[in-house]
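Working notes, beginning with the structure itself.
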Amino acid sequence: MMEDKPAVGPVHTVPAMSRRTLVIAATAFAGRSVGAAAQGADPKFVDLRPPTVDTSNLKEIAEGVWVIRDHRIWLVPNIGIILGRDAALVVDCGMGPANGERVLDLARRIAGHRRLFLTTTHFHPEHGYGAQVFRPEATIVYNRAQRDELQEKGLRYIDLFRKTQTPAAAAALDGTKIVMPHFTYDGPSAELDLGGRIVQLHTWGTAHTRGDQIVLLPQERILFAGDLIEERMFPIFPWFPPQDHEIDSVRWVEILNGFRNFKPAVIVPGHGDLGDIRIATAVASHIETVGREVRRRRKAGQTVDQIIAAYKPTVISDYPRWEHPDLINWEIGYFAAQPA
Ligand SMILES: [Zn+2]
Numbered sequence: 420m421m422e423d424k425p426a427v428g429p430v431h432t433v434p435a436m437s438r439r440t441l442v443i444a445a446t447a448f449a450g451r452s453v454g455a456a457a458q459g460a461d462p463k464f465v466d467l468r469p470p471t472v473d474t475s476n477l478k479e480i481a482e483g484v485w486v487i488r489d490h491r492i493w494l495v496p497n498i499g500i501i502l503g504r505d506a507a508l509v510v511d512c513g514m515g516p517a518n519g520e521r522v523l524d525l526a527r528r529i530a531g532h533r534r535l536f537l538t539t540t541h542f543h544p545e546h547g548y549g550a551q552v553f554r555p556e557a558t559i560v561y562n563r564a565q566r567d568e569l570q571e572k573g574l575r576y577i578d579l580f581r582k583t584q585t586p587a588a589a590a591a592l593d594g595t596k597i598v599m600p601h602f603t604y605d606g607p608s609a610e611l612d613l614g615g616r617i618v619q620l621h622t623w624g625t626a627h628t629r630g631d632q633i634v635l636l637p638q639e640r641i642l643f644a645g646d647l648i649e650e651r652m653f654p655i656f657p658w659f660p661p662q663d664h665e666i667d668s669v670r671w672v673e674i675l676n677g678f679r680n681f682k683p684a685v686i687v688p689g690h691g692d693l694g695d696i697r698i699a700t701a702v703a704s705h706i707e708t709v710g711r712e713v714r715r716r717r718k719a720g721q722t723v724d725q726i727i728a729a730y731k732p733t734v735i736s737d738y739p740r741w742e743h744p745d746l747i748n749w750e751i752g753y754f755a756a757q758p759a
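The opening residue of the sequence shown carries number 420 in the numbering used here; numbering runs sequentially from there.
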């Protein structure tokens with residue numbers, strides 16, 4: 420359901436991906452305010468730092484394109500602020516209303532008179548659960564699958580995070596309300612014209628979540644990947660059956676391999692340091708390797724607990740610099756549950 424109907428421009432093709440695109444003109448919005456862990460898995464997250472977005476950790480990666488970097492703090496995402504002549508787009512907003520306020524305050528200061536938009540890379544709490552403070556003054560745009568997934572699982576994830584994450588993370592979620600976007604788009608992509616700067620939103624269906632979305636600046640060749648990529652950190656498989664099990668590792672790898680068609684100069688991962696196409700390739704290769712080995716061990720009759728015990732040390736030694744090794748438990752849990 421679209422609450423406000425955007426001005427829809429001509430449907431055209433994005434050459435790199437041959438995708439139908441809905442053009443949303445930013446200027447059309449003038450004046451509107453518009454758990455249980457996996458079987459056998461018991462991850463222990465040792466990062467006790469509160470998941471506070473530090474808006475002073477700001478880097479302008481191209482003219483008018485800012486990233487609030489995550490300090491590699493667990494449950495703090497990399498956040499983007501993209502300026503056009505008329506509007507500014509915020510990409511992800513941190514977890515809980517206090518983080519949302521911090522990001523909104525900085526976005527206002529950077530954007531000045533420009534209208535504000537917010538989009539999120541997926542529905543997970545640390546990426547989008549500060550959106551409530553944006554809603555009165557920024558136009559929120561999600562793809563339909565992400566909106567539906569948020570509606571369906573949003574409250575459940577607050578509960579899940581309260582039970583499984585640190586007290587500081589639980590406290591960050593105090594007062595969180597799940598809010599719906601002003602606009603949703605259907606289909607694989609949409610374009611926002613911020614005024615002299617085009618931003619593309621692309622989605623492919625279930626991968627890390629049901630509604631993953633990247634944000635692409637085709638001119639500047641900057642790609643915000645969300646949690647399709649963590650840099651120097653094991654990938655996050657949100658494998659929490661029965662509460663959540665919507666992951667598709669095959670599509671995830673396809674998406675990552677497809678990023679090279681965008682010829683990205685800079686990739687902003689969901690978490691970790693900025694990089695280039697190599698940070699996408701590293702994640703794709705890792706997921707394929709672990710998937711292959713877990714399938715082989717399942718066929719040989721090993722249980723998920725046996726696989727974690729026997730194989731996890733190998734994965735850790737293969738990636739000695741990657742953080743949060745207990746994420747491997749969820750990854751193995753996912754692969755072990757897939758049909759042979
Ligand atoms: Zn994340």
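Note that CB positions come from ideal geometry on N, CA and C, so glycine has one too.
- When DSSP states are grouped into helix, strand and coil, residue 546 belongs to the helix group.
- Each of 674, 642, 632 and 614 was checked against the Cα of residue 507, and the nearest Cα belongs to 614.
- Listed in chain order, the non-local C-beta contacts of residue 692 below 6 Å within the same chain comprise 650, local neighbours out to five positions each way being set aside.
- If you compare the alpha carbons of 611, 710, 663 and 485 with that of residue 543, the shortest gap goes to 663.
- In this structure residue 498 is in contact with residue 512, their Cβ atoms being roughly 7 Å apart against a cut-off of 8 Å.
- Relative to residue 756, the option among 666, 674, 687 and 696 whose CA is nearest is 666.
- With a cutoff of 7 Å, residue 545 counts as near ligand 1, since its C-beta is closer than that to a heavy atom of the ligand.
- It is roughly 31 Å from the alpha-carbon of residue 750 to the alpha-carbon of residue 636.
- When 705, 659 and 600 are compared, the shortest CA-CA separation from residue 647 is found for 705.
- Closest option to residue 633, judged by alpha-carbon separation, among 602, 594 and 565: 565.
- Look at residue 564 here: in three-state DSSP terms it is helix.
- Taking 8 Å as the cut-off, the Cβ atoms of residue 700 and residue 631 do not count as close.
- Taken atom to atom, the span from the alpha-carbon of residue 702 to that of residue 654 is near 7 Å.
- Distance from the CA atom of residue 698 to the CA atom of residue 545, rounded to whole angstroms, is 21 Å.
- Per DSSP, the continuous alpha helix (DSSP H) segment holding residue 675 begins and ends at 668 to 677.
- Relative to ligand 1, the beta carbon of residue 751 is positioned no closer than 7 Å to any heavy atom.
- With a threshold of 7 Å, the Cβ atom of residue 549 does not count as near ligand 1, since no heavy atom of the ligand is closer than that.
- Relative to residue 528, the option among 754, 733 and 474 whose CA is nearest is 474.
- At least 8 Å separates the beta-carbon of residue 609 from that of residue 674.
- Residue 598 and residue 550 have their C-alpha atoms spaced approximately 7 Å apart.
- Out of 491, 640 and 524, the CA that lies nearest to the CA of residue 480 is found in 640.
- Note: residue 534 is bridge-paired with 506 in the DSSP secondary-structure output.
- Residue pairing by DSSP places residue 690 opposite 649 in a beta bridge.
- Residue pairing for residue 602: DSSP places it in a beta bridge opposite 560.
- Residue 485 carries a strand assignment under DSSP once its states are collapsed to helix, strand and coil.
- Look at residue 478 here: in three-state DSSP terms it is strand.
- The residue from 470, 617, 745 and 578 with its alpha-carbon nearest to that of residue 652 is 745.
- Between the alpha carbons of residue 617 and residue 504 lies a distance of about 11 Å.
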